[in-house]
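The structure appears right after this line, and notes come after that.
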Amino acid sequence: MDDDLVVMEMNSERVNEIAPANDCCSICHGTFTIPFKSQCNHWFCGDCIMLVWHHGAALQPCRCPICRRYITRLTPETSLPHLQDPQAMEVLEKVQKYNRCFVGGLRGFLQRVLDLPVFLVRIIREMMDPDRFGYYFYKVRFLALFLSMLYNTFSFDFIPSGSLGIVKLFDYTAIAMAVTLYLVGIYRNHRRYRRQALEQSDFNAWDDYTRVRISI
1 MDDDLVVMEM NSERVNEIAP ANDCCSICHG TFTIPFKSQC NHWFCGDCIM
51 LVWHHGAALQ PCRCPICRRY ITRLTPETSL PHLQDPQAME VLEKVQKYNR
101 CFVGGLRGFL QRVLDLPVFL VRIIREMMDP DRFGYYFYKV RFLALFLSML
151 YNTFSFDFIP SGSLGIVKLF DYTAIAMAVT LYLVGIYRNH RRYRRQALEQ
201 SDFNAWDDYT RVRISI
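Here is the structure:
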């Protein structure tokens, strides 16, 4: 039932467009797979452009890899056979959610509110990336400042702040959370690199062993 609704919704938005046969996806440099066109008239594989977005900021639309404009709408090509493929249906659903998130206005705001748990999980995952610590560190502190201002504006008094004051309490909490996630990210990266090194050393040891056996 959900798949039928997605198909109907995507069909209502499609225009008579087909990906150019003599061109390729500028992200994977391969032939188009489940192609979509941005509002700046550039074509990409559906999975590829979604990966670009997932590697960027969660609450912002992705930029076009070609012209660097923000992409707020992706339109599928009109080839009907793609709609019968389960993998294509999954990509279509992802792109449809993307379009609803960045359509703007009340509809886009409501969709972001509905997808807030997904965005929060993704933001936490991105905050554990040591390469993005500086980007999110100041954003989290700004959010803490905004929340403390709301707390003071509405005269709430359910959080004991002691001698610190609510502004410093929110700020220190945000710093502690950001640093904790940063350290967790470093630890996870260390474990991953160590595991890869062990796997590589085991492979090299096995390769040396087989060479010795062959020489014998």
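Mapped onto full-length UniProt numbering, the consecutive letters of the sequence shown carry residue numbers 1 to 216. Beta carbons: idealized from backbone N, C-alpha and C, even for Gly.
> If you count every other CB in all the chains shown that lies within 10 Å of the CB of F158, and 16 or more means buried, which is it?
Replying inline: exposed
>> Between the alpha carbons of V121 and A19, how many angstroms are there, rounded?
In response: 34 Å
> Could you give the residue range of the alpha helix (DSSP H) that holds T153?
Replying inline: 133-153
>> Between the stretch 30-44 and the stretch 70-80, can you find at least three pairs of beta-carbon atoms closer than 8 Å?
In response: yes
> With distances taken from CA atoms, which of L92, K94, M127, L150 is nearest V184?
Replying inline: M127
> Given Y172, which residues of its chain have a CB within under 8 Å of its CB, disregarding the five upstream and five downstream residues?
Replying inline: L164
> Ordered along the chain, which non-local residues of its own chain (more than five positions away) have a Cβ less than 8 Å from that of G56?
Replying inline: C62, R63
> What residues in its chain sit with their C-beta under 8 Å from that of C67, if we drop five residues either side in the sequence?
Replying inline: C40, H42
> Looking only at its own chain, which residues have a Cβ that is under 8 Å from the Cβ of R132, when we skip the five neighbours before and after it?
Replying inline: E126
> When you compare each of R192, W53, V140, L169 to T94 by their alpha carbons, which one comes out closest?
Replying inline: Residue identity check: residue 94 is Lys in the sequence provided, not Thr. Nearest option by C-alpha distance: W53.
> Would you say D23 and T33 are within 9 Å of each other, going by their C-beta atoms?
Replying inline: no
> Is the Cβ-Cβ distance between F170 and L145 less than 9 Å?
Replying inline: yes
> Got a sec? Which residues, its chain only, sit under 6 Å from G137 by beta carbon, not counting five neighbours each side?
Replying inline: Note on residue identity: the sequence assigns Phe, not Gly, to residue 137. Excluding positions up to five away in sequence, the list reads A178.
> For F102, which of helix, strand or coil comes out of DSSP?
Replying inline: coil
> Taking the C-alpha atoms as reference points, what is the distance between Y182 and R141?
Replying inline: 14 Å
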